[in-house]
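Chemist:
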Amino acid sequence: MDHIPDVDYVRNQLAVIPEFKPEISHVQTFHIPEGVQIQVGPVGPQTSGGKLYPGGGSQIQILNYEDRAKLVPVGQPRMIHSKKCGV
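Be aware that the sequence shown starts at 0, since it is given in our numbering, and climbs by one per residue.
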């Protein structure tokens, strides 16, 4: 799936608006076991506070909510920063 380089990517390409997630600090990769039904597609746009978050990145939807418990983290969470931080 997409490489998530920074918070700006999460906000814009993944359209994660502040109401969904006020603080974004890291990303985590997960292994999806065989048999878990998923749907893959583009992220749609969101609007919040008069600002457009365009979307366009990739998303995976776990179709059976209970299957989320079957996901296995791969490695440690990876810290991400805003482009404004210069880090």
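For each residue, glycine too, the CB sits at the ideal point set by N, CA and C.
1. How many angstroms separate the CA atom of G55 from the CA atom of Q36?
2. When the distance is taken between beta carbons, is L13 closer than 8 Å to V42?
3. How far does the alpha helix (DSSP H) with V9 in it extend, from its first residue to its last?
4. For V6, I'd like the list of residues in its chain whose CB is within less than 7 Å of its CB, leaving aside the five on either flank, ordered along the chain.
5. Let me know the secondary structure DSSP gives K50 once reduced to three states.
Modeler: Looking at the coordinates:
1. 22 Å
2. yes
3. 6-11
4. I23, I79, H80, S81
5. Looking at K50 - three-state DSSP - the assignment turns out to be strand.
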